[in-house]
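Enquirer:
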Amino acid sequence: MAAEGAARLGMRHRLAERGIDRVLLLLVPAVLVVAALFLYPMLYGVGLSLQPRAGGGPFANYLAFFRDSYQSGTIWKTMRLALPAALINVGASVPIAYRLRGRFRGRRLLTAILVLPVTLGTVLVADGLLRYLGPKGWFNRVLLDLHLVDEPVRLIYNYWGVLFSLLITGFPFAFLLVLSYMSGIDPTLERAAATLGAGPWRRVRHVTLPLLAPGLATTFILAFVLAFSVFPSANLVGEPANETRVMAIAAYQAAFEKYDYSMASTIAVLMGVAELLVVALVLVWRGRFYTGTTGGKGS
Amino acid sequence: MSGFRTLRMSEVSRRFGTTTALDRLDLTIEGGEFVALLGPSGCGKSTALNCLAGLLPLTGGGIWLDDERIDGLPPEKRGFGMVFQNYALFPHLTVRKNVGFGLAIRGVPKPELTRRVDEALALVELADQAAKLPGRLSGGQQQRVAIARAIVIRPRLVLMDEPLSNLDAKLRLQMRTEIRRLHQSLGLTTVYVTHDQEEALALADRIVVLRGGVVEQIGTPEEVYAQPRNTYVAGFMGYRNLLELPVTGREGGRVTLAEPGLRLTGVARDRSAGATAVAAIRPDDFTAGRGAANPLTVTVEVAEFHGRETAVEGVTESGRVVHVRVPERVRPGEKIELSVPPDRVLVFGDGDHPPRPGAAGAG
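Here the protein sequences line up with chains A and B, keeping their order. Here the UniProt record's numbering is used: the first residue of the first sequence is 1, the next is one more, and so on. Here the UniProt record's numbering is used: the first residue of the second sequence is 1, the next is one more, and so on.
1) Identify the residues that DSSP records as bridge partners of Ile156 of chain A: which are they?
2) Please confirm if Tyr290 of chain A has its CB atom under 7 Å from at least one CB of chain C.
3) Can you list, in chain order, the residues of the region 182-209 of chain A whose Cβ is nearer than 8 Å to any Cβ on chain B?
4) What residue from B:Leu56, B:Asp285 and B:Val145 has the CA that sits closest to Ser98 of chain B's CA?
5) Shortest alpha-carbon distance to Asn86 of chain B belongs to which of A:Met263, A:Leu189, A:Thr218 and A:Trp160?
6) Drop a sphere of 10 angstroms on the beta-carbon of Glu76 of chain B, count the other beta-carbons inside from all chains shown, and report buried for 16 or more, exposed for fewer.
7) In this structure, how does DSSP classify Asn89 of chain A when only helix, strand and coil are distinguished?
8) Are Asp285 of chain B and Val340 of chain B close, meaning C-beta to C-beta below 7 Å?
9) Indicate whether Pro41 of chain A and Thr122 of chain A have their beta-carbon atoms separated by less than 7 Å.
10) Quick one: is Leu283 of chain A near chain B, going by C-beta distance under 7 Å?
11) Mark Met11 of chain A as exposed unless 16 or more other C-beta atoms lie within 10 angstroms of its C-beta, in which case mark it buried.
12) Name the residue from B:Ala279, B:Arg331 and B:Gly291 whose alpha carbon lies nearest to the alpha carbon of Glu301 of chain B.
13) Might you give, ordered along the chain, the residues of its own chain that have their beta carbon closer than 7 Å to the beta carbon of Arg269 of chain B, omitting 5 neighbours on each side?
14) Alpha carbon to alpha carbon, how far is Val230 of chain A from Leu116 of chain A?
15) What is the rounded straight-line gap between the Cα of Gly32 of chain B and the Cα of Ile281 of chain B?
16) Is there at least one Cβ from chain A nearer than 7 Å to Pro75 of chain B's Cβ?
17) Since His323 of chain B is in the beta strand (DSSP E), which residue starts that stretch and which ends it?
18) Any C-beta of chain B sitting closer than 7 Å to the C-beta of Leu216 of chain A?
19) Indicate whether the contact test is met: 3 or more Cβ pairs, each with one atom in the region 261-279 of chain B and one in the region 287-299 of chain B, closer than 8 Å.
20) Please list, in chain order, all residues of the same chain as Leu277 of chain A whose beta carbon is under 6 Å from its beta carbon, the five residues on each side excluded.
21) Using a Cβ cut-off of 9 Å, pull out every chain B residue sitting near Ile144 of chain A, in sequence order please.
22) Counting only C-beta atoms, is Leu55 of chain B closer than 7 Å to chain A at any point?
23) Tell me whether Leu25 of chain B sits in a helix, a strand or coil according to DSSP, three-state version.
24) Can you tell me whether Thr310 of chain B is buried or exposed, with buried defined as 16 or more other CB within 10 angstroms of its CB?
25) Taking the alpha-carbon positions, what's the Asp23 of chain B to Phe173 of chain A distance?
26) Tell me whether Ala359 of chain B sits in a helix, a strand or coil according to DSSP, three-state version.
27) Using 10 angstroms around the beta-carbon of Glu151 of chain A, count the other beta-carbons present and answer buried if the total reaches 16, otherwise exposed.
28) Cβ-heavy atom distance between Ala122 of chain B and the ligand NAD below 6 Å?
29) So with CB distances below 9 Å, who are the chain B contacts of Leu211 of chain A?
Written as structure tokens, this is what we have:
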């Protein structure tokens, strides 16, 4: 028994010397689950996309996608929604989070109200938008009554409806993330900048924003990926046949209207590639900033 | 950028809701002076400093630099340098950029900026660390960067908020000397906040002892050390033995306090004539051996070896706990004979009463 224990101990030490911790073996089940539920379907999908229904070589689907402007145009249409949505959500979160970072009465209530849309489903938001922004909705009625416009502004069943929907559902995520990054910055740093002669704007410009930038990049990536896979609102408050025919719709139509799973997989793979390109660009930009500790809570 | 003759704080008050953090602080600081605000946490010393810096608006009173009223100015317009307790170095900027921050904000031309930053870094002996980020430096180095950053702008006033409290004991002593040296060579008017009386005594030209937002005493280190105004200041200045005893006699400036088994004669520090009074005695003012003046016998309970002497916690025959330093090594349970010169026993009539409002010092 004792000898066996010593041998075991020796084994552990030998492994540890090579930088291997046996506890890492506990990761095996998780790795298997990820492989089974994510890696396998993804590789399966990539494989499927390389086996076109009509034949013509492994890349025939990809070529067909880019030759057909009705299909390839979906990349631009999705970008045109997801990029501004993510940018606006992150951009709007910064000043609000900046004001809300300190402790004050009613902060929790205000944060709760700002985060509330998370609990609403996309379909509910779409339904609300249809009523609110529709030709007979409050928004247009107010504009008409104030004689700001002569006829109702069209804000639904087009690009704007989908963008509004993305802003409403995406903002809480961006806001919560930015708020937590903002709280991580030691408020003494701005006080120090103030004693060194920096006014409010310069304090934000030279101290807070550079420290916040990596967090903003991460938030932007998440907000962008969330918006890029837009599907229900593009259908419900958009113009799915034309202006808001996003990639997800194209993939859905390929799969469930034409039953061309190979083409649907191709579009899904291209969606991933498009997202990865944007993510990579943002990460390169993020790499230019300091990403260490910012001295705030929990450091 | 120029210096000033006097900085005057007049009835400076700061309330947070219903609590008064600082109550009508009157303090005049001469140009070039080093003033320490001393007190335990919550005494209002940091509040006073933040009010001076402009980081906290006053709720009453005013602050004047010579004839200019400055308490309405935002911090960036005051031209004061501040060293924060946690240093507050900008983590994303190199040491050089940190030190140059204030100059860059002021639009100082590049060649002059570089020269002045180099000078400041040389002054704190960090010239070789200029290109590093603050996170790569040790605590003491970070502290020196913070000091360089505050003084490079040639501030009219330097504010230091417990700058040494995050350093280990050895480094603290070293940096204390550095700060004193910098003050001697640059002559910058400095307000220094600390809870450590040793630091205040070692650094300051004048000490302001605060309690509960009220000034208890203002004076030179010598005055505050040798002539504390009340038991609170005495307790803070190392008078560890504060024995409240019945008064049995008063004669001239002398008061005699006694209870069965303990009799102490000391110097009256105030005019009170109560039935009891507090005798304040420093542990190292006791002398070993039975002397003529104030003899007492103490049974050793705890003995700590401190090298040159032994710190003893013991009990008098009347059951009072006393703290004593004796030159020889003693063991728990031993009885030791002690005496203490009457002029080293300060007698206060105040007990530990709440501070009197407006208790101004003899500064």
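All C-beta atoms in this analysis are idealised placements derived from N, C-alpha and C, irrespective of residue type, glycine included. The model shown is predicted, which means the values in this text are computed figures rather than measured ones.
Expert: With the structure as the only source:
1) DSSP, once it has assigned bridges, lists no residue as partnering Ile156 of chain A.
2) Included in the structure are the protein chains A and B, with no chain C among them.
3) Under the 8 Å Cβ criterion, the region 182-209 of chain A contributes Asp186, Thr188, Leu189, Arg191, Ala192, Ala193, Ala194, Thr195, Leu196, Gly197, Ala198, Gly199, Arg202, His206 and Val207.
4) The identity of residue 98 of chain B in the sequence shown is Asn, whereas the question assumes Ser. In this structure, B:Val145 is the residue among B:Leu56, B:Asp285 and B:Val145 with its C-alpha nearest to the C-alpha of Asn98 of chain B.
5) Comparing Cα-Cα distances from Asn86 of chain B to each of A:Met263, A:Leu189, A:Thr218 and A:Trp160, the minimum goes to A:Leu189.
6) Glu76 of chain B should be labelled buried.
7) Asn89 of chain A: helix per DSSP, three-state reduction.
8) Yes, Cβ-Cβ distance for Asp285 of chain B and Val340 of chain B is below 7 Å.
9) Cβ atoms of Pro41 of chain A and Thr122 of chain A: not closer than 7 Å.
10) It does not; no Cβ of chain B falls within 7 Å.
11) It counts as exposed.
12) Closest in C-alpha terms to Glu301 of chain B, from the list B:Ala279, B:Arg331 and B:Gly291, comes B:Arg331.
13) Here Arg269 of chain B has Leu346, Val347 and Phe348 as same chain residues with Cβ atoms under 7 Å from its own Cβ, once five neighbours each way along the sequence are excluded.
14) Approximately 20 Å between the Cα atoms of the pair.
15) Rounded to the nearest angstrom, the two C-alpha atoms are 34 Å apart.
16) Pro75 of chain B counts as touching chain A.
17) Val321 to Val326 is the span of the beta strand (DSSP E), which, as asked, contains His323 of chain B.
18) No - not a single Cβ of chain B is within 7 Å of the one on Leu216 of chain A.
19) Taking a cut-off of 8 Å on C-beta distances, the region 261-279 of chain B touches the region 287-299 of chain B, as three or more cross pairs fall below it.
20) Correct list: empty, nothing qualifies.
21) The question names Ile, but residue 144 of chain A is Leu in the sequence shown. None at all; the shortest Cβ gap to chain B is about 46 Å.
22) With 7 Å as the cut-off, Leu55 of chain B counts as an interface residue toward chain A.
23) Correct three-state label for Leu25 of chain B: strand.
24) It counts as buried.
25) The C-alpha of Asp23 of chain B lies about 45 Å from the C-alpha of Phe173 of chain A.
26) Confidence is the limiting factor: at Ala359 of chain B the pLDDT is only 39, short of 50, which leaves the residue's position unreliable and the question unanswerable from this model.
27) Exposed is the label assigned to Glu151 of chain A, since fewer than 16 other Cβ atoms lie within 10 Å of its Cβ.
28) For the ligand NAD, the structure offers nothing, since it holds no ligand at all.
29) The contacting residues are Phe90, Pro91 and His92.
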